[in-house]
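Chains as they are written, first to last, in our numbering: chain A, 1 to 121; chain B, 10001 to 10394; chain C, 20001 to 21010; chain D, 30001 to 30212.
No residue lacks a Cβ here, since even glycine has one placed at the ideal position from N, Cα and C.
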Amino acid sequence: MFLITCPYCGTRDQSEFSNAGEAHVARPANGEELTDEQWADFVFLRNNPKGLFAERWVHTAGCRRFFNMLRNTATDEILAVYEIGAKPPKVTTVEPATPSGEAPIGSGNDAVKVMRPEEPK
Amino acid sequence: MWRNPEPKPGYDAVVIGGGGHGLATAYYLAKEHGMTNIAVIEKGWIGGGNSGRNTTIIRSNYLFDESAAIYNHALQLWTTLGRELNYNIMMSHRGVLNLAHDEGEGRGLKRRVEANRLNGVDSEWLDAKQVKEFCPVINISQDIRYPVLGATLQRSGGTNRHDAVVWGYARACSAMGVDIIQQCEVTGIKTAKGAVTGVETTRGFIKTPKVACVTAGHTSVIASMLDIKLPIQSHPLQALVSEPIKPLVPCVIMSNAVHVYCSQSDKGELVIGAGIDAHTSYTQRGSMDIIEHQMASLCELLPPVARLRMMRQWGGIVDTCPDASPIISKTPVKGFYINGGWGTGGWKATPGSGHVFAWTVAKDDPHPIAAPFALDRFHSGALVAEHGAAAVAH
Amino acid sequence: MTAQPNRRASGGLIDRSKVVRFRFDGRDFSGHPGDTLASALLANDEHMVARGFKYHRPRGIFGAGSEDPTALVQIGSDAARTDPNTRVTEQEIYDGLEALAQNVWPSLKFDVGAVNDLFSAFLPAGFYYKTFMGPLGNWMAFEPFIRKAAGLGKAPGAPDPDRYESINRHCDVLVAGGGPAGLMAALTAAKAGARVILAEETAALGGRLLSVDPDKVNLGDMAPTAWVESIAAELAGMDNVTVLTRTAAFGYYAQNFVGLWERVSDHLAPNDQPANLPRQRVWRVRAREVVLATGAVERPLVFHENDRPGIMLAGAARTFTHRYGVLPGKRVLVFANNDSAWEAAFDLQSSGARVAGIVDLRRDIDGGLLSTAAEHGISIHPGAAIVGTSGAQRVSGATVRRMSDSGGVEGPVTAIECDLLAVSGGWMPNIALFSQSRGKLVYDEDLSAFRPGQSWQKERSAGSAAATFDLDGCLKEGARAGADAASKAGIPAKAERPPKVEGAERPQGTPRVIPEIPSGRPRHKVRAWIDLQDDVTTKDLKLAVNEGYDSIEHAKRYTTSGMGTDQGKVANMNAFALVADALKKPIWQVGTTTYRQPWKPVTFAAMAGQHVGDHFHPRRVTPMHDWHKSNGAVFEPVGDWLRARAYQRPGESFEAAVRRESLAARESVAALDASTLGKIDIRGKDARTFLNRVYTNAWSKLAPGKARYGLMLGEDGMVMDDGVTACLADDHFHMTTTTGGAARVLTHLEDYIQTEWTDLEVYMTTVTEEWAVASLSGPDSWRVVAELCDGIDPDPEKFEFMSHTTATIDGVPVRVFRISFTGALAYEINIAADYGAWLWDKVMEAGQPYGIQPYGTEAMHLLRAEKGFVIVGQETDGTVTPADLRMDWIVSKAKGDFIGKRSLSRSDTVRTDRKQLVGLLTEDPTLMLEEGAHVIATATEPAEKPVPMLGHVTSSYDSPTIGRSIAMAMVESGGARMGERLWVSRKGGTPIPVKVTETDFLKMREDGDV
Amino acid sequence: MTDTHTALRRSPLAHRSTIKAMEHAARLSEVPFLGKLILRGDPAKIAKTVTGVAGASLPTACRATRKGDTAILWTGPDEFWIVTPDNAHAALADKLGKALSGIHHQVTDVSSYYAAIDLAGPKARGMLMKLTTLDMDRSAFTEGEVAGSNFGAAQATLWQTASDEEKGGPVFRLFVRRSMADYLWCLLAEAGFEWGMPRQAPLSGETWRLER
Ligand SMILES: Cc1cc2nc3c(=O)[nH]c(=O)nc-3n(C[C@H](O)[C@H](O)[C@H](O)COP(=O)(O)OP(=O)(O)OC[C@H]3O[C@@H](n4cnc5c(N)ncnc54)[C@H](O)[C@@H]3O)c2cc1C
Ligand SMILES: NC(=O)c1ccc[n+]([C@@H]2O[C@H](COP(=O)([O-])OP(=O)(O)OC[C@H]3O[C@@H](n4cnc5c(N)ncnc54)[C@H](O)[C@@H]3O)[C@@H](O)[C@H]2O)c1
Ligand SMILES: Cc1cc2nc3c(=O)[nH]c(=O)nc-3n(C[C@H](O)[C@H](O)[C@H](O)COP(=O)(O)O)c2cc1C
Ligand SMILES: [Zn+2]
């Protein structure tokens, strides 16, 4: 369970919150002018990166406010929370070494469990 | 045993992902379409993805015709796969129960049973007493919060040994000349004039005109290499096993309302699936409270298990689609094919999925069973919305 | 046999003044309070307690704590309170404790399954995969036998009567492990004022300090136990500290969320267990900082025939000797590759055993050790190996040979008699929790083991968990870790000064690790166990690698090494080393398997905590619930709610009750408790605009005092919810939703207001349960309303359909709506929920002259179906558009955009051959269709599958009002099939012919069409 | 409203009576019929007016303020609870409505919607810890603090109304939707079982009728 800092209530357990999917997906104002494909893009297609991700959460059991969060989905590191409507703040995070996030060698999927001798501790 | 070759400079086709689906795809490409100059590229060890961490529930009692077709296709293949591969995949048709706890659920399940019957999928309705007879450990008392109203039973459903399936396919692939390349990660896909020309990997560039992406939780990551956005979200899904005990649970038990699914392995552990975390993540681990709810539900449903102990829990990364159905599809990029979005329930489809995907890749034309699962269904709206039928889709 | 022949005269944390009696494997034994089952059995000279998983070979007590791989028994024979797979090294004894051997038949000592051992050559790793394929069904024929043979203990046969609990805690510093390092860490952090939790998995604090000879070691001039007690007392005196014993940290989750499992009363006889306390607790700890002081685990040596009872880790032998006052053997042979085992040998010798020799793989032994050995008169065998052991159910001796330069053995074979073979392959930091927290491991060449490298979460390891093996170092490191943790948690702290240590043993030095110790035997004749629980031998692992399962993860799964209840605590490192050796790769490249939660098995019930049975999931009830209950209601769950389904009179059938209720709602008057409907108060100048955007129909002109039915879609264009919304004022609306959809709809609306249309001035507040609702249906309903309510004329001529007003009942304000879900004249009275029960009584009283009946959800479903009204979730399933419901009239073409609008014009949603909602009338009016049955186009069901399906029956009732059965269905091109004959298939019968009709059966009856 | 009405009402936990753990360790009781209003509005725009009408000032995040018998609880950045004595809320709502006319706001009467449960005594914190992930340590949750959270499976708003030092303290008040009140009551009692609180069997339906 994550520890999430609601911008309004402070730091609380994840169980008080609900995830509300990708952030900054604006609803097209001109739906009627869009092709089926463009409309489907809004309804169904989502970014699903392994790495930095802007998503929305709502403090369901607390203040009921929606807010945005930056999280590294490769590590679950929470980097920032910010209000709806605000621009994502600049953050730094360790992006996955390879697209899938694992070192090319290693013993498995959850690899990088073991440090290589030359790695700094 | 499979060979561990060095990658060749080029292949007729490259399958990304050495899970059950990827290996099955390669197997049928080689066996049925004569494409043996191909490679399966796996970033870790084969079977280390969802194939190696699923609760192995196999059934085909899906609601819609399109789903029934593919899952039943798979079920047929499962029954003879062990012999075909000359490897015991421990396919055990011990029966799958889907419990109903209220009228709405009962109505939905009965609709499914009837649809199944007409689709030639074995499926029957049991009332609470019959449920108890079939699986005595289930609590059918009417006093509990979610009493058991009845269940559907698919007798031909069951479980098998996940690792054995992966290894069996790998051996057979290798024997036909397919290169299985482990510890090799695809890091990019090269195209020219809108068509695939090869893949970049951590072990160098590999030339190929056809790339079949079968990477489950990582489907979006691969697709994004070609700027293709998918209706897929990757979520943690957990499972756990109890300590091994003498036979207690004779079949597979699934319940949507209380979110439980459970079976017992041949080694004696109860294999129990937990819920999905609502957030996306690639960490292959989930939250503890999901497991806690799971355990409470299990204790309600199977009271004697309360004193048993959880021996190990783990997580996988499931690729979920908005309509709870997979994507088996050509893409806007020529020579790039996707098989993914199986979410929480693709194990059962493994041979069927590989079989129809191999056709799709080999012929550059969707297999009739695969056609309804093409990407463009999201444009047209022709979804195969299996949510209702498979809220716990395993 | 004398009672407890191996009990030492003094020492240990046991109470010799009391005797505890227990049974094991059908025999009676005694021990003392403070004993574990293991120490008590050893006191009685019983080493063999179990049999192996696969070969059923005798298995003894190998460790002294949670690391023990095989000494598993079943506790208790009471069907409801029996615990399989319980480690004897962890189970404390109490009077009357009953332990049974498991997985044996007929008995532990004589077990038929042991024949498997004779066939061991045919049961190599992965043998299942290579056999039983045969013709179809063959595996199914074998499986039942395999299953019966598999598994260890037995599950209870009855529900668990015990209570469990989970508790949330926050702290500044969580210390896992109560050995010297953990104690110093806790003390330091606590003294600085931090909120500290110290969790120790065994019954006592002290860790390995309890396993050393108290006559030799001093801490600050105190014996080790005295020092531990003094620290414990100091900690107990501080109210910022919680010390938990018998409490294992089992799971390290994201962001320093750590699960602790406390066994509150497992060590007590059932009658002595405090009735007010749960059997076990899970502590859900959120720690700012964590100190991992979980110690080290001793590593077995991998040699031929290393699996007999009486072969035990040297450190465990010391634990039994000092912590429990039991000498586990009289004639001890020590087999080692490091210095710490020599200390063990000296220790056992001075504790009364005779050490028959020390065999060490190393050739060069420290001079100090050599001279001490000489002082003790112990014969030593440096540079030698044990090449075999003897003994049936207990080790009786071992054979020793010299190691050759080439890595084999050479020279004469020396046989040494012993009744205990103490082995030590060195110590491995206990990295399980560190790994769970996603810390990175480093391979330490000196240690030949992994130790914590880079931390990922806010934790640090201290003491032997961090590969610091000298006591002084452990104390200091613990103090430093405590100070660091507290400081990082925001409470500045300085490391406490550790006590001065005297007489401490020497650390292990550099062990000489040999993955498989040579025995000079042909390879196929070597039986050296890696995983004693899953019966995995070196041969199995090497076979796996040879067969290509050469990733450590494959090797694990192929052989099942490390997959038992101990999760390979002592086995894993040897398995990694062996696989690395076989692959000729450095160990760090082979890596480890993944350490997963839990650190040790945790009961399901403890994970579930108190949230079972009565407290499993809330039952929501309305203010009128008591009335329903005492008036014959049978209930059904609707979401979290309990709703009255029908009110059965004595002797009346359910079906009869539904008929009676529904007839009353048509012919006189009947009342439904509709309190569960979702209700949302919507206010703001843009409320209308908002409604226009969230419903499919137009809301601009709805006047105050009026109400309108609305359909809500998702962006995918599919029906998501429906309900009536009333206009209270120009900027003020009262929305209703379905019972099950209430929470979802509010979140959906808030989402749009808070994140999409932030420019709209609209506030929403749920009022679902502010209002209790009685819904009155039937021609007489207005009379009842008239009788009840003041300030309103409910005459249907005057109080228009779809309008509402305020009124009072005995002065209590109510809001009355004239809306109808039954098609009959109907009114809904809303009253503040505190008055709900009273309102219901009033309604029943006022309705009595008209023969008012309460009606339940079943009649309600029937009534609305008679009118052709849909229920979201019954007629719809997430794939249905308004057009599919043939409700195009509710989709405004004139107004602007609304949620889901664009999706309605996608190529698939505009298809005219989609499934559409129609009525179905069976040709035989007495036949009732099965809900969920499918509609087909032929009078007989084609034999060939798949049979094309045109749709399915969504609702089906026996309608007393229509005087026949009625049904609704979603049917392909349904709207264009009016009057058409179709068939509804059924299992085991001929399809039922039906006529496709409109859905408003009431109107059809009026029109004489039915 | 006249007093006669009071007799017609039933509070959500009317079927329960106060229960206690041993030696004043904890006490669980319902506080029936409090007036409760949910006020929504931008604090910057409504603060002055609200204080003028209600007496108490608008609290800052996660706090409550009090003036006499009236308390205002912060439950969100534009959401407040006003808790009043029985029957005082209607007039207050009226006044607020009038005073705030012209300013975007919403006042909603939820007096009947939510049950109020008081949990008092030295073991109250220990009991709450079994139900919620909030940090219930006395150094972390103090008098005047308000938090919405989950308590078991029930969402509720927790407010510490009396300090730990007070006689019988600390006192916590939980506002929970009335249909969940019985569940929460029973779960709290279960949490107090350790200290001698009697167990409470939850309301139930007695009979199910599942099959047609
Ligand atoms: C806990 C859990 C329980 C489940 N239970 C069931 C069940 O009971 N029944 C059921 O039917 N289904 C179940 N499923 C779902 C099922 O496991 C999956 O749908 C199925 O196994 C997917 O198979 P796959 O071969 O597509 O994926 P995987 O086995 O995940 O294979 C994908 C492979 O692609 C590799 N890969 C990813 N990126 C790259 C790259 N860049 N380069 C090279 N290789 C790459 C991965 O390492 C992985 O090995 C469950 C899933 C989980 C997690
Ligand atoms: N001679 C040697 O080579 C050698 C080697 C190793 C250790 N030692 C000695 O052992 C001692 C090490 O001290 P220490 O404090 O680091 O370790 P310790 O072994 O004394 O204490 C660790 C404690 O942690 C507990 N524990 C383990 N896992 C736990 C979990 N998951 N949850 C809760 N508790 C858990 C254990 O029960 C134990 O009491 C020193 O005295 C050291 O000299 C000596
Ligand atoms: C069907 C099934 C049965 C399993 N049985 C066991 C078992 O008996 N013992 C065990 O330790 N792990 C068992 N596991 C879990 C694996 O050890 C492992 O956790 C899982 O494959 C995920 O891999 P990972 O934990 O290495 O990431 C089982 C997994 C599955 C899918
Ligand atoms: Zn908040």
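Which of helix, strand or coil DSSP assigns to residue 20018/C: Indexing the third sequence from 1 puts residue 20018/C at position 18. Here residue 20018/C sits in coil by DSSP.
Please report how far the alpha carbon of residue 10088/B lies from the alpha carbon of residue 10156/B, in whole angstroms. By 1-based counting over the second sequence, the position of residue 10088/B is 88. By 1-based counting over the second sequence, the position of residue 10156/B is 156. Spanning the two alpha carbons is a distance of roughly 18 angstroms.
Residues of the region 62-74 of chain A in Cβ contact with chain D at a cutoff of 8 angstroms, in chain order, please. 62, 63, 64 and 65
Closer than 7 angstroms: residue 48/A CB and nearest ligand 1 heavy atom: Within the first sequence, residue 48/A is the residue found at index 48, counting from 1. No, since every heavy atom of ligand 1 falls outside the 7 angstroms radius drawn around the Cβ of residue 48/A.
Beta bridge counterpart(s) of residue 20815/C as assigned by DSSP: Here residue 20815/C corresponds to residue number 815 of the third sequence, with the count starting at 1. Per DSSP, 20806/C and 20830/C.
Would a C-beta distance cut-off of 8 angstroms place residue 30043/D and residue 65/A closer than the cut-off? Working through the fourth sequence from its first residue, we reach residue 30043/D at position 43. Working through the first sequence from its first residue, we reach residue 65/A at position 65. It is not a contact, given that the beta carbons lie outside the stated cut-off.
Determine, using beta carbons only, whether residue 10013/B and residue 10029/B come nearer to each other than 8 angstroms. As a working note, residue 10013/B is residue 13 in the second sequence. As a working note, residue 10029/B is residue 29 in the second sequence. Yes, Cβ-Cβ distance for residue 10013/B and residue 10029/B is below 8 angstroms.
Taking 7 angstroms as the cut-off, does the CB of residue 8/A come closer than this to any heavy atom belonging to ligand 4? Mapped onto the first sequence, residue 8/A falls at position 8. Indeed, a heavy atom of ligand 4 lies less than 7 angstroms from the Cβ.
Where residue 20724/C sits in the DSSP three-state scheme: Start at 1 with the first residue of the third sequence, and residue 20724/C comes out as number 724. Correct three-state label for residue 20724/C: strand.
DSSP has residue 20946/C in a bridge; who is on the other side? Taking the first residue of the third sequence as position 1, residue 20946/C is located at position 946. Answer is none; residue 20946/C lacks a bridge partner.
Would the beta-carbon of residue 20777/C fall within 8 angstroms of that of residue 20826/C? Locating residue 20777/C in the third sequence gives position 777, where the first residue counts as 1. Locating residue 20826/C in the third sequence gives position 826, where the first residue counts as 1. The answer is yes: Cβ separation under 8 angstroms.
When the Cα atoms are used, what is the spatial distance from residue 10304/B to residue 20087/C? Your numbering for residue 10304/B matches position 304 in the second sequence. Your numbering for residue 20087/C matches position 87 in the third sequence. If I take the Cα positions, the gap works out to 20 angstroms.
Return helix, strand or coil for residue 19950/C, following the three-state DSSP convention. Within the shown structure, residues of chain C are numbered from 20001 to 21010, placing residue 19950/C beyond reach of any answer.
Minimum Cβ-Cβ distance from residue 30155/D to chain G less than 8 angstroms: Protein chains in the displayed structure are A, B, C and D, and chain G is not among them.
Alpha carbon to alpha carbon, how far is residue 39/A from residue 20905/C? What you label residue 39/A is simply residue 39 of the first sequence in a count that begins at 1. What you label residue 20905/C is simply residue 905 of the third sequence in a count that begins at 1. If I take the Cα positions, the gap works out to 11 angstroms.
Are the region 20561-20578 of chain C and the region 20610-20629 of chain C touching, with three or more C-beta to C-beta distances below 8 angstroms? The answer is no - the region 20610-20629 of chain C does not touch the region 20561-20578 of chain C, with fewer than three Cβ pairs under 8 angstroms.
Between residue 20022/C and the rest of its own chain, which residues show a CB-CB distance below 6 angstroms, the 5 nearest in sequence each way excluded? Along the third sequence, read from residue 1 onward, the residue named residue 20022/C stands at position 22. So the qualifying residues of the chain are 20029, 20093 and 20097.
Short of 6 angstroms in beta carbon distance, which residues of its chain neighbour residue 20336/C, apart from the five on each side in sequence? Order them along the chain. Locating residue 20336/C in the third sequence gives position 336, where the first residue counts as 1. Result list for residue 20336/C: 20360 and 20424, in chain order.
Roughly how many angstroms lie between the CA atoms of residue 20701/C and residue 20708/C, to the nearest whole one? Here the question's residue 20701/C lines up with position 701 in the third sequence. Here the question's residue 20708/C lines up with position 708 in the third sequence. Rounded to the nearest angstrom, the two C-alpha atoms are 11 angstroms apart.
Using only the alpha-carbon positions, how far apart do residue 30145/D and residue 20218/C sit? On the fourth sequence, position 145 is the one that residue 30145/D refers to. On the third sequence, position 218 is the one that residue 20218/C refers to. Roughly 50 angstroms separates the two Cα atoms.
To the nearest angstrom, how far is the alpha carbon of residue 106/A from that of residue 20450/C? As a position in the first sequence, residue 106/A is number 106, starting the count at 1. As a position in the third sequence, residue 20450/C is number 450, starting the count at 1. Confidence is the limiting factor: at residue 106/A the pLDDT is only 43, short of 50, which leaves the residue's position unreliable, though a coordinate-based value still follows. Each residue's alpha carbon lies about 15 angstroms from the other.
Assumed close pair residue 20213/C, residue 20350/C - CB separation to whole angstroms, cut-off 8 angstroms: Numbered from its first residue, the third sequence carries residue 20213/C at position 213. Numbered from its first residue, the third sequence carries residue 20350/C at position 350. Yes, residue 20213/C and residue 20350/C are in contact; Cβ-Cβ is about 7 angstroms, under 8 angstroms.
Residue 17/A (DSSP reduced to helix, strand or coil): In the first sequence, the residue the question calls residue 17/A occupies position 17. DSSP places residue 17/A in coil when its eight states are reduced to three.
Return the residues of the region 30075-30092 of chain D that lie within a Cβ-Cβ distance of less than 9 angstroms from chain A, sorted by chain order. 30075, 30076, 30077, 30078 and 30079
Counting pairs of Cβ atoms below 8 angstroms between the region 30093-30109 of chain D and the region 30029-30041 of chain D, do you hit three or more? yes
Closer than 7 angstroms: residue 30040/D CB and nearest ligand 4 heavy atom: Position 40 of the fourth sequence, counting from 1, holds the residue named residue 30040/D. Answer for residue 30040/D: no, Cβ out of range of ligand 4.
Does the region 10365-10381 of chain B touch the region 10061-10078 of chain B, meaning 3 or more C-beta pairs lie closer than 8 angstroms? yes
For a cutoff of 8 angstroms on Cβ pairs, would you count residue 15/A as touching chain D? In the first sequence, residue 15/A corresponds to position 15, counting from 1. Interface residue, yes.
Residues of chain A with CB closer than 7 angstroms to the CB of residue 20881/C, please, in chain order. Here residue 20881/C corresponds to residue number 881 of the third sequence, with the count starting at 1. Under a criterion of Cβ atoms nearer than 7 angstroms, no residue of chain A is adjacent to residue 20881/C; the nearest Cβ is some 14 angstroms distant.
Following the continuous alpha helix (DSSP H) through residue 10008/B, name the residue where it begins and the one where it ends. Taking the first residue of the second sequence as 1, we reach residue 10008/B at position 8. Taken as a continuous stretch (DSSP letters only), residue 10008/B belongs to no alpha helix (DSSP H), as it is neither H nor E.
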